[in-house]
Amino acid sequence: MAYDAYEFWLTDDKGRRISDESGTSLITRITWLEATRTCNDYGALGIGLPVDFDISLLRRDRMIQVWRAPQGGSLSLFRPYLIRRWRYEFQGDEEKLSVFGVDPNELMRRRIVANYADLAQTQKTDYADDMMKEIVTEQFVADVWGPDAGDRDLSPTYFSVQGDLAAGPILTKGFSWRRVMNVLQDLQKASREAGTEVFWDVVVNNVTSSTITFQFRTKTGQPGQNLSDYGVLFSLEKGNLRSPFYDFDATEEENYIFAGGQGTETDRATDEVYDAARYNASQWNRCEGFADARNQTTANGIRESARTVLEVGRPRERFGAHLLDVEGMRFGMDWNWGDKVKASYRSKEFDAIVWTVQLSLNQDGYETITARLDYGD
Numbered sequence: 035m036a037y038d039a040y041e042f043w044l045t046d047d048k049g050r051r052i053s054d055e056s057g058t059s060l061i062t063r064i065t066w067l068e069a070t071r072t073c074n075d076y077g078a079l080g081i082g083l084p085v086d087f088d089i090s091l092l093r094r095d096r097m098i099q100v101w102r103a104p105q106g107g108s109l110s111l112f113r114p115y116l117i118r119r120w121r122y123e124f125q126g127d128e129e130k131l132s133v134f135g136v137d138p139n140e141l142m143r144r145r146i147v148a149n150y151a152d153l154a155q156t157q158k159t160d161y162a163d164d165m166m167k168e169i170v171t172e173q174f175v176a177d178v179w180g181p182d183a184g185d186r187d188l189s190p191t192y193f194s195v196q197g198d199l200a201a202g203p204i205l206t207k208g209f210s211w212r213r214v215m216n217v218l219q220d221l222q223k224a225s226r227e228a229g230t231e232v233f234w235d236v237v238v239n240n241v242t243s244s245t246i247t248f249q250f251r252t253k254t255g256q257p258g259q260n261l262s263d264y265g266v267l268f269s270l271e272k273g274n275l276r277s278p279f280y281d282f283d284a285t286e287e288e289n290y291i292f293a294g295g296q297g298t299e300t301d302r303a304t305d306e307v308y309d310a311a312r313y314n315a316s317q318w319n320r321c322e323g324f325a326d327a328r329n330q331t332t333a334n335g336i337r338e339s340a341r342t343v344l345e346v347g348r349p350r351e352r353f354g355a356h357l358l359d360v361e362g363m364r365f366g367m368d369w370n371w372g373d374k375v376k377a378s379y380r381s382k383e384f385d386a387i388v389w390t391v392q393l394s395l396n397q398d399g400y401e402t403i404t405a406r407l408d409y410g411d
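Given below as structure tokens:
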């Protein structure tokens, strides 16, 4: 697919398009592109620009918006990326300029839960999805006291948090002084172990030529649409599946977890969680592990820390493959990032999530779409 299916817009940190000396903010010349989006983590951008590009236009958290039109479809925003790095270098005898950025999910990496233990901001019992939103609200948009009395609030004009949905399992968690992204990822793992997986994402709520707004959202089941009820959509036989694999791996299984909370020696608070079906799979299969829960002040919090370790130690039945953008199954029209789709391989069917999508362009304008399915039982 040629570059005319793409547009790349340079904006300031508020989404206002920035004009160069020619009076345009549209980047018309690139040498390569790799843009990714992934679940429960942040995606990244790498883009090659001509060496005569005016780098005075590049500043931290200015954005490059990647717009794409699928074959037969209309132009839409794939993802904006906040600029964090640029680099000149020689490769052989040729000088190159590369610019790198991160998508809005990376904002969750930039804040910690800056509150002492035993406060309402650091010890919570709630639905997993609502707890995620409380944490983001308190650390990004609410006037929550912390050791640093400086202004940590983002402008509500540009960043908001979705309303509560009470859709996830009820969890108890303590997380003083931890990075917000790590807490969100732990809650996602614990929600999966509790039976209802919660996904989180920082989405573009609104975009124009002069502004962009973000919103933190959660969703259960999958981040996108559920297309799995439509039957098998991807298979080798249909010609839209490449490099599938199926793997069962119990090499690092942990199915009986001891957890240690606060206190020392015999006075230390402890708990145990386990999966009886897993550790009874054979007479040898009791695989023990330990969860360090010293930052938890309640019995429920210690238990949830152990559940997170129990989920991480689950044996992995994994299916994965690359999806192909072919006639009748076009990326951006018939399927998209975050969708749950049905795929088949070796007479097995899998309801798998399109976990990561990477768009790549080379200097000749040839497009490659790498979409990774993820299934884990």
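The sequence shown begins at 35 in the working numbering and counts up one residue at a time. Every residue, glycine too, gets a C-beta built ideally from N, C-alpha and C.
- Assignment of I64 by DSSP, reduced to helix, strand and coil, places it in the coil class.
- Rounded to whole angstroms, the gap between the alpha carbons of D220 and Q155 is 16 Å.
- Between the alpha carbons of T159 and K207 lies a gap of roughly 7 Å.
- In the three-state reduction of the DSSP assignment, Q155 falls in the coil class, being assigned neither a helical nor a strand state.
- Straight across, the Cα-Cα distance linking F250 with Y76 is about 13 Å.
- A buried status is given to G49, since no fewer than 16 other beta-carbon atoms sit within 10 Å of its beta-carbon.
- Listed in chain order, the non-local C-beta contacts of K167 below 6 Å within the same chain comprise V195, local neighbours out to five positions each way being set aside.
- In the pairwise beta carbon analysis, the stretch 228-237 is classified as touching the stretch 131-143: at least three pairs are separated by under 8 Å.
- Ranked by Cα distance from W389, the first of P278, G399, M367 and G354 is G354.
- L44 sits in a strand when the DSSP states are folded into three classes.
- Assigned with DSSP and collapsed to three states, R144 falls in coil, not helix or strand.
- Spanning the alpha carbons of D368 and D408 requires a straight line of approximately 18 Å.
- Annotated as distal: L205 and N274, with beta-carbon spacing of 8 Å or more.
- Unbroken beta strand (DSSP E) runs of no fewer than 3 residues, entirely contained in the stretch 151-236, are found at 157-161, 193-195 and 204-208, following chain order.
- Going by DSSP, T304 is part of the beta strand (DSSP E) stretching over T304 to Y308.
- In the DSSP assignment, R102 forms a beta bridge with Y40 and S110.
- In this model, N319 and Y313 are separated by some 5 Å (Cα to Cα).
- Per DSSP, the beta bridge partners of I81 are L67 and V133.
- The distance from the Cβ of F112 to that of L393 is about 7 Å, consistent with a contact at the 8 Å cut-off.
- Considering only Q99, A333 and K253, the residue with the shortest C-alpha distance to S110 is Q99.
- G106 and G294 have their alpha carbons spaced roughly 57 Å apart.
- Look at R341 here: in three-state DSSP terms it is helix.
- Proximity to P257 across V346, E271, Q222 and A311 peaks at Q222, based on C-alpha coordinates.
- Remark: C-beta atoms of S225 and A327 do not approach each other more closely than 8 Å.
- Between E322 and E288, the CB-CB gap stays under 8 Å.
- N240 is bridged by DSSP to T247.
- For L91, the secondary structure class from DSSP, reduced to helix, strand or coil, is helix.
- A distance below 6 Å between beta-carbons, with the five flanking residues on each side excluded, links V391 to the following residues of its chain, in chain order: R71, W371 and A405.
- Annotated as distal: L395 and L44, with beta-carbon spacing of 8 Å or more.
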